[in-house]
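Following our numbering, the numbering of the sequence shown begins with 808 at its first residue and continues without gaps.
Heads up: the structure comes next, in structure tokens.
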Amino acid sequence: PGAVRVSALNAASLSPVDDASVTLVCIDPPYYDNVMYAELADFFYVWERRTLGLIHPDLFADDLCDKDNEAVMNPARFAEFGRRAKHLAAQDYERKMEAIFAEAHRVLRDDGVRTVMFTHKRAEAWDTLGMALMEAGFVIETSWPVQTEREHSLHQADK
Numbered sequence: 808p809g810a811v812r813v814s815a816l817n818a819a820s821l822s823p824v825d826d827a828s829v830t831l832v833c834i835d836p837p838y839y840d841n842v843m844y845a846e847l848a849d850f851f852y853v854w855e856r857r858t859l860g861l862i863h864p865d866l867f868a869d870d871l872c873d874k875d876n877e878a879v880m881n882p883a884r885f886a887e888f889g890r891r892a893k894h895l896a897a898q899d900y901e902r903k904m905e906a907i908f909a910e911a912h913r914v915l916r917d918d919g920v921r922t923v924m925f926t927h928k929r930a931e932a933w934d935t936l937g938m939a940l941m942e943a944g945f946v947i948e949t950s951w952p953v954q955t956e957r958e959h960s961l962h963q964a965d966k
């Protein structure tokens, strides 16, 4: 019961949402360096812009998706820095995730619940995400490993 509000916002800047007003923050954050979402989304964006853009032109103002503000670990964005590109991309990801988590912390009620679903094989991805959570003010109380892929699938065999 109650009113529902849908907004298209940057998760790092939820200014229309009041402090301590949300009971649940449930997030499935970007998977570090596994998927460059904005690059994939460009394919659909150009078609949606020609259809949904007629109804919601404010949501499709740009020609393509915003890759500079995307919260992923993308060394290609820092290629001009040579060997430091990977390190800078990891710092950029952590900074963006920390800003997102800080906003989630701000809007979450004291008795609220925060859940994070994150699947990645590499420890550095978990470390970066965990540090961003803690720097934003969250305390990690528990972690439940969940097997998300069948061990007999062809792309997992012998790995």
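Even for Gly, the Cβ is constructed at its ideal location relative to N, Cα and C.
Keep in mind it's a predicted model, so treat the numbers as computed, not measured.
Query raised in the report: Ordered along the chain, which non-local residues of its own chain (more than five positions away) have a Cβ less than 6 Å from that of L866?
Result: In the same chain as L866, and ignoring 5 residues on each side of it, the C-beta atoms closer than 6 Å to its own belong to A815, in chain order.
Query raised in the report: Looking at the C-beta of V829, does it have a partner C-beta in chain D at a distance below 7 Å?
Result: Here chain D cannot be found, since the structure has a single protein chain.
Requested in this report: Quick one: give me the first and last residue of the alpha helix (DSSP H) that V842 is part of.
Outcome: Under the DSSP assignment, V842 falls outside any alpha helix (DSSP H); it carries neither an H nor an E label.
Query raised in the report: Going straight from the alpha carbon of R884 to that of A892, what length do you get?
Result: Roughly 8 Å separates the two Cα atoms.
Query raised in the report: If you check the beta carbons only, do A896 and M880 fall under 7 Å apart?
Result: Less than 7 Å divides the Cβ of A896 from the Cβ of M880.
Requested in this report: Note down, in chain order, each residue of its chain lying with its Cβ closer than 6 Å to the Cβ of D840, except the 5 sequence neighbours on either side.
Outcome: Correct list, in chain order: M880.
Query raised in the report: Helix, strand or coil for D917 per DSSP?
Result: Of the three classes helix, strand and coil, the one that applies to D917 here is strand, per DSSP.
Query raised in the report: Looking at the unbroken alpha helix (DSSP H) that takes in L936, where does it start and where does it end?
Result: DSSP places L936 inside the alpha helix (DSSP H), whose first and last residues are 930–942.
Query raised in the report: Got a sec, what are the start and stop residues for the beta strand (DSSP E) T949 sits in?
Result: Segment: none, T949 is in no beta strand (DSSP E) and carries neither H nor E.
Query raised in the report: Nearest CA to the CA of A878: which residue from L859, R890, A939?
Result: It is A939 whose Cα lies nearest to the Cα of A878.
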